[in-house]
Amino acid sequence: MSRPWHVPAALLVVLCAACSTQTGGTPVPAQGAPTGPTSSNRRPVPDPRVLKAAQPCELLPAAALKPLGITGPAKPTSTSKSRQCEWRVDKSTVAESYTIAVVIYETTGISDIKTDKEIEYLNVGDHDAARYFTRGAAGCALSLEITPSSRVDIQAAGEDPEALCGPALEAAKQVEPALP
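Printed below as a string of structure tokens:
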């Protein structure tokens, strides 16, 4: 003997109603919980204007230059969307040599990264970060999120971009503590 179809339908309605009850009141953060917006790693999100005064050539500490293999002086440059500083790492051959750059994007966040390859999301110190290969596969970059609409990139560019992700990460670890 078959059951009438309305019995399972009525049971489904009762179960759905039981799952949709709401508790009244106003949500309040727990004592000691952060009250401002935060990134996924619980770091307070700084004011978007915080990068205005930052100088890219000052973000890589002088003590890190020699361990990173940097042999030349810093070279500051800028574009309409970024300010950057480049350093040269000279190896035994031109093919092994590369450039390390610290690039400040005041109005471009990690979600705005443009690349032909996959983006890998990770953390560097207290910052959410993204590792990717720059367009045209000229280098490996690590973007450190400052706010949802700003970031600082550490890029290593040369003939073998895949081999440059290690130096880019090491440089990013040196820059990260100086960032808000």
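For the sequence shown, the residue numbers in mature numbering (1 follows the signal peptide of the UniProt record, and there is no 0) are -25 to -1, 1 to 155.
All C-beta atoms, glycine included, are put in the ideal place defined by N, C-alpha and C.
The model shown is predicted, which means the values in this text are computed figures rather than measured ones.
Item to check | 8 Å CB neighbourhood of THR83 in its chain, flanking five on each side removed | outcome: Within the sequence shown, residue 83 is the residue found at index 108, counting from 1. Cβ within range, chain order: LYS56, SER57, SER124, SER125, ARG126.
Checklist entry - What is the residue span of the beta strand (DSSP E) that VAL64 lies within? => result Here residue 64 refers to the residue found at position 89 when the sequence shown is read from its first residue. Where VAL64 is concerned, the enclosing beta strand (DSSP E) stretches over 58 to 64.
Checklist entry - Of the residues ALA153, ALA70, ARG106, which one's Cα is nearest the Cα of CYS115? => result The residue labelled residue 115 in the question sits at position 140 within the sequence shown. For the residues ALA153, ALA70, ARG106, the minimum Cα distance to CYS115 belongs to ARG106.
Next on the checklist: Output needed for GLY(-1): all residues of its chain with C-beta closer than 6 Å, excluding positions within five of it in sequence on either side, in chain order.
Outcome noted: Mapped onto the sequence shown, residue -1 falls at position 25. Any reading at GLY(-1) needs caution, since the residue's pLDDT is 44, under 50, leaving its predicted position unreliable; the model's value is listed next. There are no such residues.
Checklist entry - Per DSSP, which one or two residues make a beta bridge with VAL78? => result Taking the sequence shown and counting its residues from 1, one reaches residue 78 at position 103. Looking at the DSSP assignment, VAL78 forms a beta bridge with GLN59, ASP128.
Checklist entry - Looking only at DSSP bridge pairs, what is LYS50 linked to? => result The sequence position of residue 50 within the sequence shown is 75, counting from 1. Answer is GLU61.
Checklist entry - To the nearest angstrom, how far is it from the Cα of LYS50 to the Cα of GLN30? => result The residue given as residue 50 occupies position 75 in the sequence shown. The residue given as residue 30 occupies position 55 in the sequence shown. The alpha-carbon atoms of LYS50 and GLN30 are separated by roughly 12 Å.
Checklist entry - Where does GLY114 sit, in a helix, a strand or coil, going by DSSP? => result Within the sequence shown, the letter at position 139 stands for residue 114. Strand.
Checklist entry - How many angstroms separate the CA atom of GLY133 from the CA atom of THR90? => result Within the sequence shown, residue 133 is the residue found at index 158, counting from 1. Within the sequence shown, residue 90 is the residue found at index 115, counting from 1. Going by the C-alpha atoms only, they are around 17 Å apart.
Checklist entry - In angstroms, rounded to a whole number, what distance separates the CA positions of ILE129 and ALA147? => result Position 154 of the sequence shown, counted from the first residue, corresponds to residue 129. Position 172 of the sequence shown, counted from the first residue, corresponds to residue 147. If I take the Cα positions, the gap works out to 6 Å.
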